[in-house]
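As given, the protein sequences belong to chains Z and C, one line each in that order.
Each number in the numbering used here comes from the position in the first sequence (counting from 1) with 689 added on.
Each number in the numbering used here comes from the position in the second sequence (counting from 1) with 689 added on.
Number of protein chains: 2
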Amino acid sequence: MASRETQNRILDAAITLFNKEGTSQVSTNRIAEAAGVSKGNLHYHFRTKQEITFTIWLRIEQEVDSWTGDASHPTVLHMAEMLHRQYSLIWRYRFFYRELTTLLDGDVDLKYRFRRQRIQRMEEIRLFFEALVDSGVATPPATPDTFPNLIRISWMVSDYWLSFISVDSRAIDAESMQEGFQLMLELFDPMLTNQAQAEIRECLRVFTVDVE
Amino acid sequence: MASRETQNRILDAAITLFNKEGTSQVSTNRIAEAAGVSKGNLHYHFRTKQEITFTIWLRIEQEVDSWTGDASHPTVLHMAEMLHRQYSLIWRYRFFYRELTTLLDGDVDLKYRFRRQRIQRMEEIRLFFEALVDSGVATPPATPDTFPNLIRISWMVSDYWLSFISVDSRAIDAESMQEGFQLMLELFDPMLTNQAQAEIRECLRVFTVDVE
């Protein structure tokens, strides 16, 4: 088995176990077992569990980095697709978002990369919102702070939704993911024109978060 | 020194140290020293650091429980005061909100009480919003889900703002607290009538989060 393939098998097994039980409950030995590789082979690829988590982040990062050119599609449909894409990612890496604060506090390199991408994506979303205004989908912001503020709020709603529902000891499942998704639509509703508001509600009937 | 007084001195010292360095960096011995009590005396009152944190929560809880009757004052000024009150509390117990997810995950009793109060406060805020509509300060919600959704979003913005800024390695200070406060006003702006929007912006010039 090629080195790259082994690494991916280990990461896939780790994601499955972390999502199910949380990072603190899963040892590297169990990950090795689930991936069907020896302990020695796992440690050849990843010295620590933290290295595994960091490399999983690199996967997330790569996927998010591929989300380019949003501002070239300033439509309600694309906006709904962006949200759908975001929540499907959070679902697939739900352990990461569930444990976000702890993971970032425990790894300065991870925090650095997470921050760097957050800054970059926030700027891309701002450009997308401005394009929405130019294309008549969104109404012009009341103040220069309106869009940056709205984007920050949306980041909190998306990154901390799983922390929020964990207080209620609710399961992370299709229903709770869909609820988080709908909060985002509620948040963006006031910036849209009446027609766009109706369109995005229509999208809601079609889009559901992928939780397979 | 009376038992109750000793307990309060220990809690005050713990809050100061926790706010400065985080709970994990502060030992009960250092709390005893800062409070001017013996280690034995501290352990007579609190068996563990977790018990200290839990008792600090009881203080927060008591303060929040005293915020009754909001719905009897459905005005913009009272709304600004509610937000101001909330952010001043978060500032005084900033370690608690900074470490929220970790603290709740580590103590089922704390999580239970936190959840119970959150449910209760959310209902009180919902009644306040409905009173705002009745008094003509807010516009009627688009759907029955609008207010509950808005309240959930506001909870995330308030409870996770300190986690959000920690990603940027930003200090928790007057400036960052004020920014969090303004996000809330941005969030509630769309539900208010035009006149109320102007009034709440006026309030913003007067209110700043108490950070002494």
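Backbone N, C-alpha and C define an ideal beta-carbon position, used for all residues, glycine too.
Because the structure is a prediction, the values reported are computed rather than measured.
Short Cβ contact (7 Å threshold) for residue i with residue j
i: Ala724 (chain C); j: Ile741 (chain C); result: no
i: Leu792 (chain Z); j: Asp848 (chain Z); result: no
i: Val726 (chain Z); j: Thr695 (chain Z); result: yes
i: Ile808 (chain Z); j: Leu872 (chain C); result: no
i: Leu821 (chain Z); j: Pro763 (chain Z); result: yes
i: Met845 (chain C); j: Phe877 (chain Z); result: no
i: Ala691 (chain C); j: Val765 (chain C); result: no
i: Met866 (chain C); j: Val895 (chain C); result: no
i: Ala760 (chain C); j: Phe836 (chain C); result: no
i: Tyr782 (chain Z); j: Ile749 (chain Z); result: yes
i: Thr705 (chain C); j: Lys738 (chain C); result: no
i: Phe803 (chain C); j: Phe707 (chain C); result: no
Closer than 7 Å to chain Z by CB, residue i
i: Val846 (chain C); result: yes
i: Asn838 (chain C); result: yes
i: Tyr849 (chain C); result: yes
i: Arg890 (chain C); result: no
i: Glu875 (chain C); result: yes
i: Leu772 (chain C); result: no
i: Ile842 (chain C); result: yes
i: Leu747 (chain C); result: no
i: Leu778 (chain C); result: no
i: Leu904 (chain C); result: Since the displayed chain C opens at 690 and closes at 901, residue 904 (chain C) lies outside it and no answer follows.
Residue-level contact to chain C via CB, residue i, 7 Å cutoff
i: Phe817 (chain Z); result: no
i: Phe853 (chain Z); result: yes
i: Leu893 (chain Z); result: no
DSSP three-state assignment for residue i, whether helix, strand or coil
i: Ala827 (chain Z); result: strand
Residue environment, residue i, which counts as buried when at least 16 other CB atoms sit within 10 Å
i: Thr712 (chain Z); result: buried
i: Gly869 (chain Z); result: buried
i: Arg805 (chain C); result: exposed
i: Trp746 (chain Z); result: buried
i: Val826 (chain C); result: buried
i: Ser855 (chain C); result: buried
i: Tyr776 (chain C); result: buried
i: Tyr801 (chain C); result: exposed
Proximal chain Z residues relative to residue i, where beta-carbon distance stays under 9 Å
i: Pro879 (chain C); result: Asp878, Pro879 and Met880
i: Lys800 (chain C); result: Ser855, Val856 and Ser858
i: Thr835 (chain C); result: Glu875 and Asp878
Within chain Z, the residues that residue i reaches when beta carbons sit closer than 7 Å
i: Asp857 (chain C); result: Arg804
i: Arg698 (chain C); result: Simply none; closest approach about 30 Å.
i: Arg736 (chain C); result: By Cβ distance, chain Z contributes nothing, its closest Cβ being about 24 Å from Arg736 (chain C), past 7 Å.
i: Arg807 (chain C); result: Val856
Under 8 Å from the C-beta of residue i: neighbouring residues of chain Z
i: Thr791 (chain C); result: Thr790 and Thr791
i: Leu872 (chain C); result: Asn838, Arg841 and Ile842
Cross-chain neighbours of residue i in chain C, by beta carbon under 9 Å
i: Leu821 (chain Z); result: What Leu821 (chain Z) touches in chain C: nothing, since even the nearest Cβ is about 16 Å away.
Within chain C, partners of residue i - CB distance below 7 Å
i: Ile741 (chain Z); result: What Ile741 (chain Z) touches in chain C: nothing, since even the nearest Cβ is about 21 Å away.
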